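In the numbering used here, the protein residues as written are 1373 to 1522.
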């Protein structure tokens, strides 16, 4: 155990701190030109602020008041879009009305039709008693012929 501690101590004492590649590149770091970098950053910041102010004045509130060069084109475009939207709304209203009417007709027709899974019973006992049958009564299959039950 003592040998392990001694080996660890020797390894730690032999370690050498190597300088980082990024060390000294940032302003305020060791070996950096602090005043030059700060002046350069301030100049860039002022340029950005000037561009921001010019954009805000060009696109701020009131920049596109009535009578501006783009105002007339925008107004015409909005009018065309509103007319197009009105036409489409009328067409959609008609389609919705036609669909509702067609759906009501279909539901009424389905209500009048008999259920395809329904089973109907027809009284044939009188016909059998009258002898209106063909074939033996012990047959495995019964064939019913219908002419008129009304």
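Built from N, CA and C at the ideal position, the CB exists for glycine as well. Computed from a predicted model, the values in this text were never measured in an experiment.
Residue 1503, enclosing alpha helix (DSSP H) - first and last residue | Mapped onto the chain shown, residue 1503 falls at position 131. Counting along the chain, residue 1503 falls outside any alpha helix (DSSP H), and DSSP gives it neither H nor E.
Residue interval of the alpha helix (DSSP H) (run including residue 1456) | In the chain shown, counting from the first residue as 1, residue 1456 sits at position 84. Here the alpha helix (DSSP H) through residue 1456 covers 1443-1484.
Assigned secondary structure, residue 1429 (DSSP; H/G/I helix, E/B strand, else coil) = Translated into positions along the chain shown, residue 1429 becomes position 57. The three-state reading of DSSP puts residue 1429 in helix, counting H, G and I together.
CA-to-CA distance, residue 1502 to residue 1475, given in whole angstroms = Translated into positions along the chain shown, residue 1475 becomes position 103. Translated into positions along the chain shown, residue 1502 becomes position 130. Whole-angstrom Cα-Cα distance: 49 angstroms.
Per-residue DSSP class, three states only, for residue 1498 | For the purposes of this step, residue 1498 is taken as residue 126 along the chain shown, with counting starting at 1. Residue 1498: helix per DSSP, three-state reduction.
What is the DSSP secondary structure of residue 1402, reduced to helix, strand or coil?
-> Stepping through the chain shown from its first residue, residue 1402 is reached at position 30. Note that residue 1402 has pLDDT 48, beneath the 50 cutoff, so the model's placement of it is unreliable and the number below is only indicative. Assigned with DSSP and collapsed to three states, residue 1402 falls in coil, not helix or strand.
Assign residue 1393 to one of three DSSP states: helix, strand, or coil.
-> For the purposes of this step, residue 1393 is taken as residue 21 along the chain shown, with counting starting at 1. Note: residue 1393 maps to coil in three-state DSSP.
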